[in-house]
Structures are given as C-alpha cells and as structure tokens.
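Numbered as in my numbering, the sequence shown ends at 1320 without a single skipped number.
C-beta atoms are modelled at their ideal positions from N, C-alpha and C, and glycine is treated no differently.
This one's a predicted model, so the numbers in the text were calculated from it and none came from an experiment.
Below you'll find the structure, written out as structure tokens, and then a few comments.
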Amino acid sequence: MNKHKNFKPAMLSLAIAGAIASNGAVAQQSTPDTAAEDNVEIIQVSGIRGSLMRAQAVKQDSSSIVEAISAEDIGKLPDSSIAESLARLPGLAGERVGGRTSGISVRGFKEDFVGTSLNGRELIGIGDNRGIEYDLYPSEIMTGATIYKTGDATLITQGLGGTVDLQTVRPLSASETLTVTGVYEANQAPADNPDFDDKGYRYSLSFVEKFADDTIGLAVAIAHTTTPNNQRKYGVWGYSTNDDGQITPSGLDLNAQSTELKRDTISTVLQFQPNDSLNIVADYLQIDFEDSGVLRGFIEPFATANLSGTGANTSGTQIEANPVLRTDPLNKDGELRAFGLNVEYYLNDDWKVEVDLARSDADKFEQRAESYSGLGRSGALSPGDFGSRTFQMSSEGVFFTGQSGLDAFSDPNSLQLTGPQTWGGGLANLADQFETTQLRASGEPFNYLNAQDGFNNFFTIKEELTQFKFEVEGNLDGEIFNKITAGLHFSDRYKDKENNGFFATATVFPDSQSVAESGVPVVGLTDLSWAGLGFVVAYDGNAPYNNGYYTQNNGGFLEPDRFGDTYIIEEEITTIYAKADFEYEMGDMLIFGNVGAQYVDTDQTSDGTLGVIGSNFRVCDADSDSVIDADCAITDGASYSHFLPSFSINAEVVEDLFVRFAASTTISRARLDQMKASGFVKFDLNDQFITLRDEDVLAGAGSPWSKEAGNAQLRPLESNNYDISIEKYFEDEGYVAASLFYKDLVNLTRQASPTIDFTNDEFNNGADYFVEGFHNRVLDVDVTNSQNGIFYPAGTNVFPPSLGQFSFFEDGLEGSVSGLELTANIPMSILSDALDGFGVVASATFIDAEVDDGSSIPGQSDQITSLVAYYENEGFEFRVAMTDRDEYTTYERGGSNKITEATRDGTQVVDAQISYDFENSGIEHLEGLRVSFQATNLLDDADQVSRDDNGIVTTRREFGPSYMVNFNYSFY
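The structure is reproduced here in structure tokens:
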C-alpha cells in the first residue's frame, strides 16, 4: 500500500497535471515524489470532464471534507462572477441580489457566517457586514476555489458554515498564455424605464509570462463588465382584514427599477523563485465598480370601497387615491484594493519558514435619493380631487384593472413636482422655516408637515484590514506523525459607516410647479402596465437636487436613527496555531489526518452615538451648532479569547473507498452592524399611539416610543462541529459521496426586547427622554383611541405613555444544525462505451436547524438540490444545470439605510450552455478559439418573493432570463 503522498488521488492529479498546474488550490499542496512523476503518463484533459477530474482530485486528496472548482469551471465558463460557479456546488446555495448571484450560503449559513479568503488571506467586503459580495469577483481573474466544510487549525479564516478560499494563478506553475475574451449579454427582462436598455458586454485580457530561465513569472488579468439589470417590484406596506374577512393592502410600493453595473478589475501576480529554497510571490487586486440607475413607481396609502369576494380573492375600488410617484436615483460606487506578499524559504529538505503580509481596503458610497411628484402638494387638494382605481386581489397580490382621475401622471405639464403626502414630521425642529399664511384646502395654514418633497438617502463605508502571518512547517520521521505546522497570525481591522440623509423641499413651497415648469428633463414614459398602472412620466430624479429646485436640510440632526447607524469598529486578533499531520498503515488500510488547535485572542472596540431628541427638537445638538454633543458619544468594547481544537481522520478502507471523520470548534464573528456602539430613541407622532396608556402598552397595543442599539461586547458565534463522510471513487473518473454533519451551536446572537420606562431608562443611568412640546401634543381633531376606547376632543393636550420597547443584541442563544449531503458525479461511460462523453453531476442537501427561540438561521434552506447534465465530444460541449433551494431568511436594506431581516420564497434556477473549442478542429488559425452561448434563469423563476403568514405576496422582484455569447481566444 502506498503512503498518502503517493496514493491514487495524487496520481490522478499528476495525470491531469497540464491543467492542474494553473490551479492554485492544487499547486499549493505537497508535491508527490519525483519517482512517482516519472512513472505517470501526462495527459492533457480539457473541457467539463477535465474540470470535474481536477475538482475530484482536490477532493479525494484532501485530509478535510472539501468541494472544489477547477480553472476550467471558472476560466472558460462565461459566468460574470465566481458566485455563479460556487452556487452549483454541493451544500452551497446562491442568493440573487438585484438579479445577480451575489451571496453564498454554505451548509445553511449565509456568507456573513462563512469565512472567505483569497490565496489563504481573509477577504473584506464592501457592505455593512463581514460577508463577501461574490459577484464583485470576475470569473476571468480566478483559477480555482476550495470550500472547506470542516475545520483545520491552519485555516485562519473560519466560519460556522465553512471556509471559501478563492485562488489566483501562480505564474511559475502555469503555462504561458495570452488570452482575450469578449462577451455580449442580453437581458430578457424589458427596460421599463426609457433611459436604460437591456444589453451589456464584458471583455478581458490575461497573460502569463516567464523570464530569467523560468525564475520570474508574471501574470496579469484585466477585465471590464457592463451589465444591465431591469426588475419589476411589487410591494405592499402590509395587508388589512376587515370584519367580513376580506383582505386588501394597507399601502402600495410598486416600481420599475433599472440599473447598469460597470466593473473594472485588474489582478497582477509576480513570482520570483531563483532556486529550490526561496519562493516569493507578490499579488495585487483592484476592483472598481459603479452600479447606478433609477427607480420609478408609486408609493401610497390604500383605502377601499365596494368590496366583493372573500379572503385574498377580493375585488373592489381604491378610493381617494393620492399616489406619490417616486423617482429615485440609485447610485453605488466602490473600490476594493488588496495587496499581498508571501515569502517561503526552505531551511533544508524538511523544514520551511513562511512569512505572509497583506493589506486590503475598501470604500463604498451608496445613494438612494427620493423625488416626489403627484396631483398636488399635501393639503392643497380635497378628497374630491383625488382619483380612484379598480383592482383584483389574489394570493399573488393586487392587480389594477382600471383608473380614473389620475391622467396627470402621464403628462409632465400636469404632474406636480411636490410631495403629495404629509410626510414632513421629521422637520418639526424647523417649523419656523415653513411658517406661511397660505392656506390648505382645510382652511389651516401650510406647515412643516406639508414640506417634504423628497429625501436624499446616502451612506459611506470604509474598511481596512492588515494581516501578518509567520509559519514554520517541518517533516517528521515518526511512525505516526509525519509533519508539524505552527504559526502566529495577527490581523487589525478598521471599519466605519456614516449614515446621512437630507430632507428636500421645493424652493417654491408652499406652492408647487409641474415637472415641465420646474426645468427638470423628461426622458419619456415609464411602463407600469404590468401592474395595471399604465405609463407614467419619466424625469431625471437627480436634476431637482442639482439645479437648485430643492432646498435640503440635514436629517442627521432631525432623525435620531441616522446617528444610530453611524459608527466605527476596530478589531485586533492574534491567533497562535499548531497542527500535526499523521499517516500510518493498519494492515492494508491507509489512515491519515491531522490534529491541531488555535488560541485566538481578541480586542474589539466601537465608537458611536446615541441619537436622542433634545429640548430644541434637534438630535444630539443642544447648542444648535451642528456638532454632536459629547454626552451622546459612546465608546464600548471587550477583550476575550477562544481555544479552538480540530481533529480529522481519513481511512481508505478498501481501494478507492474513503471514510472521513472530523470534529472541530469554530467561530464566526458577530455581524458588524450588530457590534456598533450606536443606538437611537425614536418617537412616532401618530395620534393613536400618543393616546395609549401604559397599561395598553403592557397589553401589547404598541407604543410611540422605541429604542434600538447595537452591542460592542458581542462575542463570536460558536459551534462544535462533527462530520462523517463516505466517498467511493471510480477507477478513472467519477465518484459518489454521502456526508452527515452536526453543529452544536453553543452561542448565537439574539435580539432582546425588554419593556423600559422612557422617562427613567435603566439601561442608560435613568435617562429621561421626554421633551415637553415634542412628545406631547395638542390634538387638532377629535380622536378615539382604537385600543382603549377613550375619546379625546380636539384641543386636548395629550401626553404619551412612558413605556416602550428597547431592542438590542445579546449573546446566549443556542441551537443545532444537522444535515445530509448526497453527491454523485457519474460519467455515463462507466455504464456503456456508447455513452462516452455523457455525464451527470447531482447533489442534494437536507438541513434541519433548531434554534431555542424558534428563529431561523439566515441563509438556511431545508433542502438544496443541484443537477448538471452534460455532453462533451471533440471540443463540442453542451450542459444544462439546475439549482433549487427552499425558502430561507436573509437581510435587505430597509428604511434609513439600515439592515433588516426578510424571508424569501424558494427559487429554482436553470442555466444552459453550448460551446465549441476549435483546438482540434484542424483549422490552424482558429485553434485558440472557443465560442459559447449561455442562458441563465431560463425558467424565469429566480425572483425574490416574500409572503406574509397568510401566504400572500408582500414583496416580489422579477428579473427575467439573461443570454450571453462568449468568444475566448488564446494566442498561445
């Protein structure tokens, strides 16, 4: 029986060495004995079969339970990013954001709880949290990816779900090449906005060159992407049920959104290996992206009459329709840079020293401005001036069948560029600015409540990460232990988020002007007929902000939740680790694996602000000098340590049949937006809330008060993991595998919501948040509280209850996750030679998660399935792939730029590709050409859908299929 370093998986790696050489996942593993190499026939294997063989070699040769993607999968498929390739692997599930696969869940854990590294170094994202936006990374710059599903003491970047390690090329291990790629893309989802289309393109250039007798290698990849995204969003504020059981929306949020992603990427790797003892690799990655566009549609309250039907199958008339036509400019700009230097030095034949230094940083600006238009300014019209619509309800939501009195929305000469709803409550501090003698239709003067004509939402994120590693690795002569690895790793992270917002008011307030009169460019009409709402005016939503039509007031000092979502977080983490590899024979059975541990020391701090309204009705600005008051500032943090053991044992019980067992303790650090020291106290000026009593609040009637805060002392999420896998490999290619896993979740983050007294906050040294004249009010109409039945006549000075809820994050939640993964890679040639070239790759993952408080784990679907069927023959390839996942919980950006939880329906995505490689065509000048056609989301079933407890759609985003033609030419 061969020792592990020479057994059959490694021999398979050698047999396809020509292709493996460019795959960092394999190139960084131990090299088999030269004697073994001399006895192996080198066979160049390309196409999908070659890629599957390379991935199989990585999986079979590993001492951990892993999945892998080879260079063939990433480099030659016209996937726009590595995310789409990862989403097809067993146990992984993709999440589509804005129509593109961006997030990846591993074994039921969203990417925030999955460690992601590039060439072994932790990657940073550009979002609020730690999760990586995988669609940022073009497939053209990657040569491989390995997904570690079990722990290992040398894996510095870990997560509860596992670790995804992305790899770029090592030029001295790759073949010299010069390759160009061009892709044309068409999106079947129509561009409902007239200033956008549905066409895009990608191009890239990559080369690998060697110099100085192959001691210096240079690899450069440059890629550009311009890709459209058009989506239709159906949304409601919720549903109401009347006394007859008829269900109708409480409010509408429907729009057509169009954006265009532009992404430029450069990856450079320089390698210097003057002799067998020294190897130096320097790499640099830069990604610049812009994802900008517009959202146009209606948002409005919903009142009804003339209802018929039952439950969700209700039809009727929307009355007193006073829609707000939202025109929202959408802008995202960001840049990510990563630099690394790795030096390996062999002291002798058995001992190696490695030093690794890395620095990465990211900047992001994201804006969603709002520009309102409608029939007229709020208060200027009486109910008789409003419109009406007829509608039909179903479990899929509401569809409109007719309308009247709303023709102005398609006429820029009639449509008023103003705020039709009384949304200006946040301008209370500036009431004097909006005093006027001009009267509303009710006979009362216009005031600040009528003064919000738009809102400019934007935020910035900055993140920096510095990493250093020193490692020693040595071969041992023991009968059992054959290698030891030990090292020290240090990382220093800085992240800040600044949340901003400005109220926008037309300079002609309290009057209004039509879109045409305001000088705002009109680009055509937006199509909302898919919702039964016809066509509406499409104007440039940036123009009112840029041409002076709007006066803007800083919302940061007017809305407390802006400061509550602005923060700085810093982390210093020191990890000491050691791992011992063992290998021995028990009879004819080869047993190998490793045992190790990490000691992780953490020091974390956060600076933030508690946003609170002061006596001058401004937030944390008692002096009205637009400088945050010192007594609102918060600094908090914690220091702690973890001991994380890991153990893995593998046995080839009979030839090509492997049994693997692994046990480990892993951690995922808490979400960064939950670790912020910041928080805020907010108050709802709704008359029904203000007239509640404390006993009503305790009875569950709600409260006008709310407080939210992060927790800078949160500990990492922690899990004890147990895995067992059985894998049967066929002699030439193909395998079947079954894996069981169990995760004992000993610490998760949960949300606590105690009831507190907002006039004596026990969590903030007895703070009293009540401000006379702001939190109490004189009623201007008669009010009967719907909860307690108490009548309050107009003119009553009402005071709110003192009780309300405080929501914050804390440690201590426990649970478990268990699962079964089944995988089969079956080349049909094992059944019959006549089926040579045909093959099937299938996987199914079944997950059962239980959390003590009954909540769900973000990213967890109960069932995930994947099926790939392919045919390959003499350069011709055809493949069709299907991925299917059940319902899952995720995050999305909510109001005031904050992250909120959402539930998505399950999705099924079907992709197909047909290609031809001219290498063996016999046409000399075409031998470097490969042409392919790919279609994604063929069944148009990759929508984002959320439903309420009654199974009625509350949010649906439709994206449509995409088609791509790819030309790839290698000059050598």
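Residue 979: not part of any beta strand (DSSP E); DSSP gives it neither H nor E. The DSSP-derived three-state label of residue 1127 is coil.
In terms of Cβ geometry, residue 1094 and residue 1124 do not form a close pair [threshold 8 angstroms]. Its chain contains 580 as the residues whose beta carbon lies nearer than 7 angstroms to that of residue 878, once the 5 sequence neighbours on both sides are disregarded; these appear in chain order.
With a cutoff of 8 angstroms on beta-carbon distance, residue 482 and residue 453 are scored as not near each other. Per DSSP, the continuous alpha helix (DSSP H) segment holding residue 401 begins and ends at 395 to 409. Between residue 998 and residue 941, the CB-CB gap stays under 8 angstroms. The alpha carbon of residue 1065 has as its nearest neighbour, out of 886, 989, 501, 763, the alpha carbon of 989. Residue pairing by DSSP places residue 674 opposite 645, 720 in a beta bridge. The beta strand (DSSP E) runs lying completely inside the stretch 1062 to 1107 and spanning 3 residues or more are 1065 to 1077, 1083 to 1100, 1103 to 1105, given in chain order.
Here the alpha carbon of residue 768 sits roughly 12 angstroms from the alpha carbon of residue 646. For residue 1038, no beta strand (DSSP E) encloses it; the enclosing alpha helix (DSSP H) starts and ends at 1035 to 1038. Taking the Cα positions, residue 404 is about 9 angstroms away from residue 418. For residue 569, the three-state secondary structure derived from DSSP is strand. Rounded to whole angstroms, the separation of the alpha carbons of residue 840 and residue 729 is 58 angstroms. With contact defined as three or more Cβ pairs closer than 8 angstroms, the stretch 1004 to 1015 and the stretch 505 to 512 are in contact.
Taking the Cα of residue 676 as reference, the smallest distance to any Cα among 889, 1075, 1044, 723 is reached at 889. From the listed residues 1305, 1055, 633, 847, the smallest Cα separation to residue 915 is found for 847. Under the DSSP assignment, residue 747 falls outside any alpha helix (DSSP H), being part of the beta strand (DSSP E) whose first and last residues are 745 to 752. Taking a cut-off of 8 angstroms on C-beta distances, the stretch 1194 to 1201 does not touch the stretch 1174 to 1184, as fewer than three cross pairs fall below it.
In this structure the stretch 1290 to 1301 touches the stretch 1249 to 1258; the number of beta carbon pairs closer than 8 angstroms is three or more. Three or more pairs of CB atoms, one per stretch, sit closer than 8 angstroms, so the stretch 645 to 659 contacts the stretch 589 to 601. If you draw a straight line from the Cα of residue 738 to the Cα of residue 731, it comes to about 17 angstroms. Taking a cut-off of 8 angstroms on C-beta distances, the stretch 428 to 440 touches the stretch 479 to 493, as three or more cross pairs fall below it. Following the DSSP letters along the chain, one finds residue 873 in no alpha helix (DSSP H) but inside the beta strand (DSSP E) bounded by residues 870 to 875. Under DSSP, residue 937 takes part in a beta bridge, and its partners are 934. Membership of residue 1264 in the beta strand (DSSP E) is indicated by the continuous run 1255 to 1265.
The C-beta distance from residue 542 to residue 886 rounds to 5 angstroms, short enough to meet the 8 angstroms contact threshold. Runs of beta strand (DSSP E) with 3 or more residues, each lying fully within the stretch 1126 to 1205, are found at 1151 to 1175, 1186 to 1199, listed in chain order. The residues 630, 705, in chain order, have a CB closer than 6 angstroms to that of residue 689 in the same chain once the five nearest residues on each side in sequence are set aside.
Annotation for residue 1049: 1040, 1135 place their beta carbon closer than 7 angstroms to its own, counting only its chain and skipping 5 residues before and after. Rounded to whole angstroms, the Cβ separation of residue 1231 and residue 435 is 6 angstroms, and the two are in contact under 8 angstroms. Judged by DSSP secondary structure, residue 863 falls outside any alpha helix (DSSP H); it is assigned neither H nor E. In the three-state DSSP reduction, residue 801 falls in the coil class, being neither helix nor strand.
In this model, residue 1068 and residue 829 are separated by some 25 angstroms (Cα to Cα).
Bridge partners of residue 653 according to DSSP: 665.
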